[in-house]
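Engineer: Heads up: the sequence lines are chains D and E, in that order.
Count the first sequence with full-length UniProt numbering and you get residues 1 to 412, in order.
Count the second sequence with full-length UniProt numbering and you get residues 1 to 412, in order.
Could you have a look at this structure, given as structure tokens, before my questions?
2 protein chains.
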Amino acid sequence: MSTRVTAAPADQLTVRRSNLSLVLSHLRDAGPRSRAKIAADTGLNKATVSSLVAELVERGLVGEGEVERVGSVGRPGQTVGLAPGRVVGVGVEVNADFVDVTALDLTHEVVLSRRAPADMRALGERGAIALVVRCLQEALATLSAGGSSVVGVTVAVPALVDSGRGRVALAPNLGWTGTELAAQLDAALGLGDVRVAVDNDANLGAIAEHALGVGRDVDDLVYLAGEVGVGCGVIVGGELLRGSSGFTGEIGHAPLNPRPEVCGCGRVGCWETQVGLGVLLAGCARGPDDPVLDGDADIDVRLDEINARAAAGDVATLETLQRVGIALGLGASVLVTIVNPRALVLGGYFAVLEEHLRPFVVHTLLERVVAPDAGGVEVRASRLGFTAASRGGAVVALQQVFADPTRVPVPA
Amino acid sequence: MSTRVTAAPADQLTVRRSNLSLVLSHLRDAGPRSRAKIAADTGLNKATVSSLVAELVERGLVGEGEVERVGSVGRPGQTVGLAPGRVVGVGVEVNADFVDVTALDLTHEVVLSRRAPADMRALGERGAIALVVRCLQEALATLSAGGSSVVGVTVAVPALVDSGRGRVALAPNLGWTGTELAAQLDAALGLGDVRVAVDNDANLGAIAEHALGVGRDVDDLVYLAGEVGVGCGVIVGGELLRGSSGFTGEIGHAPLNPRPEVCGCGRVGCWETQVGLGVLLAGCARGPDDPVLDGDADIDVRLDEINARAAAGDVATLETLQRVGIALGLGASVLVTIVNPRALVLGGYFAVLEEHLRPFVVHTLLERVVAPDAGGVEVRASRLGFTAASRGGAVVALQQVFADPTRVPVPA
Numbered sequence: 001m002s003t004r005v006t007a008a009p010a011d012q013l014t015v016r017r018s019n020l021s022l023v024l025s026h027l028r029d030a031g032p033r034s035r036a037k038i039a040a041d042t043g044l045n046k047a048t049v050s051s052l053v054a055e056l057v058e059r060g061l062v063g064e065g066e067v068e069r070v071g072s073v074g075r076p077g078q079t080v081g082l083a084p085g086r087v088v089g090v091g092v093e094v095n096a097d098f099v100d101v102t103a104l105d106l107t108h109e110v111v112l113s114r115r116a117p118a119d120m121r122a123l124g125e126r127g128a129i130a131l132v133v134r135c136l137q138e139a140l141a142t143l144s145a146g147g148s149s150v151v152g153v154t155v156a157v158p159a160l161v162d163s164g165r166g167r168v169a170l171a172p173n174l175g176w177t178g179t180e181l182a183a184q185l186d187a188a189l190g191l192g193d194v195r196v197a198v199d200n201d202a203n204l205g206a207i208a209e210h211a212l213g214v215g216r217d218v219d220d221l222v223y224l225a226g227e228v229g230v231g232c233g234v235i236v237g238g239e240l241l242r243g244s245s246g247f248t249g250e251i252g253h254a255p256l257n258p259r260p261e262v263c264g265c266g267r268v269g270c271w272e273t274q275v276g277l278g279v280l281l282a283g284c285a286r287g288p289d290d291p292v293l294d295g296d297a298d299i300d301v302r303l304d305e306i307n308a309r310a311a312a313g314d315v316a317t318l319e320t321l322q323r324v325g326i327a328l329g330l331g332a333s334v335l336v337t338i339v340n341p342r343a344l345v346l347g348g349y350f351a352v353l354e355e356h357l358r359p360f361v362v363h364t365l366l367e368r369v370v371a372p373d374a375g376g377v378e379v380r381a382s383r384l385g386f387t388a389a390s391r392g393g394a395v396v397a398l399q400q401v402f403a404d405p406t407r408v409p410v411p412a
Numbered sequence: 001m002s003t004r005v006t007a008a009p010a011d012q013l014t015v016r017r018s019n020l021s022l023v024l025s026h027l028r029d030a031g032p033r034s035r036a037k038i039a040a041d042t043g044l045n046k047a048t049v050s051s052l053v054a055e056l057v058e059r060g061l062v063g064e065g066e067v068e069r070v071g072s073v074g075r076p077g078q079t080v081g082l083a084p085g086r087v088v089g090v091g092v093e094v095n096a097d098f099v100d101v102t103a104l105d106l107t108h109e110v111v112l113s114r115r116a117p118a119d120m121r122a123l124g125e126r127g128a129i130a131l132v133v134r135c136l137q138e139a140l141a142t143l144s145a146g147g148s149s150v151v152g153v154t155v156a157v158p159a160l161v162d163s164g165r166g167r168v169a170l171a172p173n174l175g176w177t178g179t180e181l182a183a184q185l186d187a188a189l190g191l192g193d194v195r196v197a198v199d200n201d202a203n204l205g206a207i208a209e210h211a212l213g214v215g216r217d218v219d220d221l222v223y224l225a226g227e228v229g230v231g232c233g234v235i236v237g238g239e240l241l242r243g244s245s246g247f248t249g250e251i252g253h254a255p256l257n258p259r260p261e262v263c264g265c266g267r268v269g270c271w272e273t274q275v276g277l278g279v280l281l282a283g284c285a286r287g288p289d290d291p292v293l294d295g296d297a298d299i300d301v302r303l304d305e306i307n308a309r310a311a312a313g314d315v316a317t318l319e320t321l322q323r324v325g326i327a328l329g330l331g332a333s334v335l336v337t338i339v340n341p342r343a344l345v346l347g348g349y350f351a352v353l354e355e356h357l358r359p360f361v362v363h364t365l366l367e368r369v370v371a372p373d374a375g376g377v378e379v380r381a382s383r384l385g386f387t388a389a390s391r392g393g394a395v396v397a398l399q400q401v402f403a404d405p406t407r408v409p410v411p412a
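Listed below in structure tokens is the structure:
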């Protein structure tokens, strides 16, 4: 409602930085194009664009591409586009079941992706953080050996995160409280100018879906991450809904289960007690020694087994999937009623088991959302698997470069 | 995430209009001040500000105020501020129990406020719209006689509204479906350039709380309207959350009641079946002839009776208030978990019965929201009573003038 009037005197360096950012961001959003086209699109004059592009090339952010002929007259122009490979952002997901490290270049292509399965709660806070440090050190060494330059690291945690301070306020499924994660990782890694940021995993997953996943074409989406915990990330008008104190995302602990089932957080009736990965696996398991319950095995392998059992018509598995699917649809219908998104993106295990969960989710949404056609929401399965949050972390790390390309130094 | 580059060549008239809007909006947000101060605040030069203010005075939007001395040196300047009285926006609330008409001037002072109690569902769609027309005609005649100039009319409806078309898609508690309300009111009123807009009541209530109510100091709030239906309006970063197709607000029909109680919309388990006005009144009533159930009596009178019974220790009333308060807190905790607002504003009957409901709401939020201290949310009672939505309608009507002051003609 309010309009703030600010006086912002811009010196020449500020203007230059802002124009470098404008050109680099435009190449990300609009794709490769000639200098003449960039000038026409942005309103900057051609000489300025040439000078800006030259600097971006020098910093390794932009490269020359194909020759483009615009219209039938005039000189053909050489296109320029984001440079693949050299400059990368790193995202890490600290999950209850694994640590995932993913590096993306400016074009959002995967440069490196590694996952270490582990029972993170059993490792304890100190052991878990040591594992994160080890995974990151190995990844950074590999990237450095390959000639990549890391511009930022963002760590995704299934937690209430004070992202300003890089502090984990509460991570029920890791057993962490008040963990100064960014400070500990900064100290252990010693990356100098490159600081570690920390954020909620579902929020970073939503950013990934919007930046490079199945939500690329929409500006209003809800991302639901099905893991041991269940989180949500909401994008409104292209921006992440962060809330007044940064504490969005923990939908898994909202009181959406009508039965008083006890949650890992100590409360009863949390949504997670109906739709969390633990409940799904327990419902499908044939006994306490069923390999789908083995926390040290890769989660994708265990979920493939569930899909196989469902395909084979296993009754306990199908009943569990139906029960979870309906509960997922009921909770999602509350989110859809409040937010009215264009897309509901199912992530994590919800996406892996999409074939069996989706019909129940869609049916329940149509039945329970009062807006016609459930407000026009489309249910989509993530294609990022369990790397959505770490990819989102890498996207956020790269955003610093798009905001200020001079953060990447000119090579000596 | 994405940055759109647009070429927007601004001709002189566009620039002038934009600067008139800037100055008028600044006077709304920052209060009366001298021309010199406006120039310093906005970065416009003093001669331009003088010319803009002269035009705003001529259009009746701005008036001269007190003499202000800035600092100890220099000439004292005469302040200018928004002109009270002459230019007004009109908001109408179509409620299940009444029609309310409120007119606000540019300073958001109430120029006119009238309420006609009526059982709107019993009147039927045609009869209800006829009553709205009659109320509006009387109000417009009074305003015209008093020398006020109406710049817009916005009608609040407890409904899913396609606000772009002014069409009520579905109003369960009025029994309307697919009602072309704006078109019908335009035809009946014949206001010429002044077109009738239609919007969801809870969304307009949220706008009112943020613009002139207990949410003025925050940019992230959730407004809950307790009436026959229950709606919510969410303000994020100062802007109303409208959703991808405009269908936010109908939280009353989200499946938040764990018991399968039947709702007026035909579904079971809607939140409204726990916290709607009808349930509250039924719980407190001493029999079918209890006057608190009389739909033709003013709702404030009936709620005063409930407050009196609670104060006198009436057991059925106190138990009902506790039951409703806890259910209100549980549903609110889902909203607070998703949105993490700075303020939760209780509106409608929730505000009238605040003394008895608030303790249960606060207790439940602290117990159920996983973020520390419920994410820092403050529970506040609206002071706008049942006029929040109509005031919000008037605020929206006035926004057109702040966006383009030339919409108000220079008097002949």
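Beta carbons are placed, not taken as given, at the ideal position from N, Cα and C, and that holds for glycine.
Note that the structure is predicted; figures quoted are calculated from it, not measured.
Using the three-state DSSP reduction, which class does residue 77/D fall into: helix, strand or coil?
Structural biologist: In the first sequence, residue 77/D corresponds to position 77, counting from 1. Correct three-state label for residue 77/D: strand.
Engineer: Could you check whether the stretch 342-349 of chain D touches the stretch 210-223 of chain D, counting it as contact only if at least three pairs of C-beta atoms, one from each stretch, sit closer than 8 angstroms?
Structural biologist: Touching, per the Cβ criterion.
Engineer: Since residue 108/E meets chain D, which of its residues come closer than 9 angstroms, beta carbon to beta carbon?
Structural biologist: The residue you call residue 108/E lines up with position 108 of the second sequence. Within chain D, no residue comes near residue 108/E; the closest Cβ sits about 11 angstroms away, beyond 9 angstroms.
Engineer: From the DSSP output, read off the bridge partner residues of residue 33/D.
Structural biologist: The count along the first sequence starts at 1 and reaches residue 33/D at position 33. According to DSSP, which records beta bridges pairwise, residue 33/D is partnered with 80/D.
Engineer: For the 8 angstroms Cβ check, are there 3 or more pairs between the stretch 170-178 of chain E and the stretch 349-365 of chain E?
Structural biologist: Too few Cβ pairs lie closer than 8 angstroms, so no.
Engineer: For residue 239/D, collect the residues of the same chain with a Cβ closer than 6 angstroms to its Cβ; drop the 5 residues on either side in sequence, then sort them by chain order.
Structural biologist: Here residue 239/D is taken as the residue at index 239 of the first sequence, counted from 1. There are no such residues.
Engineer: Buried or exposed: where does residue 14/D fall if 16 or more other Cβ atoms within 10 Å of its Cβ makes it buried?
Structural biologist: To locate residue 14/D, count along the first sequence from 1; it is residue 14. So residue 14/D ends up on the exposed side.
Engineer: Given residue 22/E, which residues of its chain have a CB within under 7 angstroms of its CB, disregarding the five upstream and five downstream residues?
Structural biologist: Taking the first residue of the second sequence as position 1, residue 22/E is located at position 22. Hits under 7 angstroms: 42.
Engineer: Relative to the ligand MN, is the shortest distance from any of its heavy atoms to the C-beta of residue 150/D smaller than 7 angstroms?
Structural biologist: The ligand MN is not part of the structure shown, which contains no ligands of any sort.
Engineer: Taking the alpha-carbon of residue 140/E as reference, which of 130/E, 152/E and 129/E has the nearest alpha-carbon?
Structural biologist: Here residue 140/E is taken as the residue at index 140 of the second sequence, counted from 1. Considering only alpha carbons, the answer is 152/E.
Engineer: Residues of chain D with CB under 8 angstroms from residue 375/E, in chain order?
Structural biologist: Residue numbering aside, residue 375/E sits at position 375 when the second sequence is read from its first letter. Ordered by position in chain D, the residues that pass the 8 angstroms Cβ test against residue 375/E are 243, 244, 245 and 247.
Engineer: Excluding the 5 residues preceding and the 5 following residue 275/E in the sequence, name in chain order all residues of the same chain whose CB lies nearer than 6 angstroms to its CB.
Structural biologist: For the purposes of this step, residue 275/E is identified with residue 275 of the second sequence, where counting begins at 1. 230, 324, 327 and 328.
Engineer: Looking at C-alpha atoms only, which residue of 107/D, 114/D and 95/D is the closest neighbour of residue 101/D?
Structural biologist: On the first sequence, residue 101/D is found 101 positions in, with the first residue counted as 1. Among 107/D, 114/D and 95/D, the Cα nearest to that of residue 101/D belongs to 114/D.
Engineer: Where does residue 348/E land, buried or exposed, given buried means 16+ other C-beta within 10 angstroms?
Structural biologist: By one-based count along the second sequence, residue 348/E stands at place 348. Buried, since its Cβ has 16 or more Cβ neighbours within 10 Å.
Engineer: Do you know offhand how far residue 267/E's Cα is from residue 31/D's?
Structural biologist: Walking along the second sequence from the start, residue 267/E turns up at place 267. Walking along the first sequence from the start, residue 31/D turns up at place 31. For residue 267/E and residue 31/D, the distance between alpha carbons rounds to 48 angstroms.
Engineer: Among residues of its own chain, excluding the 5 on either side of residue 318/D, which ones have a beta-carbon nearer than 8 angstroms to its beta-carbon?
Structural biologist: Here residue 318/D refers to the residue found at position 318 of the first sequence. 310 and 356, listed in sequence order.
Engineer: Leaving aside the five residues before and after residue 39/E along the sequence, list all residues of the same chain whose C-beta is less than 6 angstroms from its C-beta, in chain order.
Structural biologist: As a first step, residue 39/E must be located in the second sequence, where it is residue number 39. Within the same chain, residue 39/E has close Cβ partners 46 and 49.
Engineer: Near residue 284/D, which residues of its chain fall below 7 angstroms by C-beta distance, leaving aside the five closest residues on each side in sequence?
Structural biologist: By one-based count along the first sequence, residue 284/D stands at place 284. Counting only Cβ-Cβ distances below 7 angstroms, and skipping sequence neighbours, we find 292, 306, 309, 316, 317 and 320.
Engineer: Give the DSSP-derived three-state secondary structure of residue 298/E in the structure shown.
Structural biologist: Translated into positions along the second sequence, residue 298/E becomes position 298. If DSSP states are grouped into helix, strand and coil, residue 298/E belongs with coil.
Engineer: In chain D, what lies closer than 7 angstroms to residue 113/E by C-beta?
Structural biologist: As a first step, residue 113/E must be located in the second sequence, where it is residue number 113. The premise fails here: residue 113/E is roughly 22 angstroms from chain D at the closest Cβ pair, so nothing lies under 7 angstroms.
Engineer: Using Cβ-Cβ distances below 8 angstroms, what residues of the stretch 165-178 of chain D are close to chain E?
Structural biologist: Within the stretch 165-178 of chain D, the residues whose Cβ lies closer than 8 angstroms to some Cβ of chain E are 169, 170 and 172, listed in chain order.
Engineer: Touch check for the stretch 151-171 of chain D and the stretch 393-402 of chain D: three-plus C-beta pairs under 8 angstroms?
Structural biologist: Output reads yes: the stretch 393-402 of chain D touches the stretch 151-171 of chain D.
Engineer: Checking contacts by CB at 8 angstroms: is residue 356/E closer than that to chain D?
Structural biologist: Within the second sequence, residue 356/E is the residue found at index 356, counting from 1. It does not: the Cβ of residue 356/E has no partner Cβ on chain D nearer than 8 angstroms.
Engineer: Could you tell me how far apart the beta carbons of residue 264/D and residue 173/D are, in whole angstroms, since I believe they sit closer than 8 angstroms?
Structural biologist: To locate residue 264/D, count along the first sequence from 1; it is residue 264. To locate residue 173/D, count along the first sequence from 1; it is residue 173. Yes, residue 264/D and residue 173/D are in contact; Cβ-Cβ is about 6 angstroms, under 8 angstroms.
Engineer: For a quick check, are the C-beta atoms of residue 407/E and residue 379/E less than 8 angstroms apart?
Structural biologist: Here residue 407/E refers to the residue found at position 407 of the second sequence. Here residue 379/E refers to the residue found at position 379 of the second sequence. No. Outside cutoff.
Engineer: At a Cβ threshold of 8 angstroms, is residue 157/E touching chain D?
Structural biologist: The sequence position of residue 157/E within the second sequence is 157, counting from 1. False, the Cβ-Cβ gap to chain D never drops below 8 angstroms.
Engineer: Among 249/E, 24/E, 257/E and 194/E, whose alpha-carbon lies nearest the alpha-carbon of residue 402/E?
Structural biologist: As a first step, residue 402/E must be located in the second sequence, where it is residue number 402. Nearest C-alpha to residue 402/E: 24/E.
Engineer: Taking 8 angstroms as the cut-off, does the stretch 366-386 of chain E touch the stretch 187-204 of chain E (at least 3 CB pairs, one atom from each stretch)?
Structural biologist: No, because fewer than three Cβ pairs between the stretch 187-204 of chain E and the stretch 366-386 of chain E fall closer than 8 angstroms, the two stretches do not touch.
Engineer: For residue 83/D, which residues from the same chain have a beta carbon less than 7 angstroms from its beta carbon, with the 5 sequence-adjacent residues on both sides left out?
Structural biologist: On the first sequence, position 83 is the one that residue 83/D refers to. For residue 83/D, where only same-chain residues beyond five positions count, the Cβ hits under 7 angstroms are 60, 61, 62, 63 and 106.
Engineer: Skipping 5 residues on each side, what residues in its chain have a beta carbon closer than 7 angstroms to that of residue 16/D?
Structural biologist: To locate residue 16/D, count along the first sequence from 1; it is residue 16. Closer than 7 angstroms at Cβ, skipping near neighbours: no residue.
Engineer: By DSSP's criteria, residue 223/E is part of a beta bridge. Which residues make up the other side?
Structural biologist: Along the second sequence, read from residue 1 onward, the residue named residue 223/E stands at position 223. In DSSP, residue 223/E forms a bridge with 233/E and 345/E.
Engineer: Got a sec? Which residues, its chain only, sit under 7 angstroms from residue 374/D by beta carbon, not counting five neighbours each side?
Structural biologist: The residue labelled residue 374/D in the question sits at position 374 within the first sequence. For residue 374/D, where only same-chain residues beyond five positions count, the Cβ hits under 7 angstroms are 336, 365 and 366.
Engineer: For residue 340/D, return the contacting residues in chain E, with the cut-off set at a CB-CB distance below 7 angstroms.
Structural biologist: Here residue 340/D refers to the residue found at position 340 of the first sequence. The contacting residues are 243, 244, 245, 247 and 248.
Engineer: What is the C-beta distance between residue 255/E and residue 270/E, in whole angstroms, given that I count them as a contact (C-beta under 8 angstroms)?
Structural biologist: Taking the first residue of the second sequence as position 1, residue 255/E is located at position 255. Taking the first residue of the second sequence as position 1, residue 270/E is located at position 270. Contact flag correct, Cβ pair sits at about 7 angstroms.
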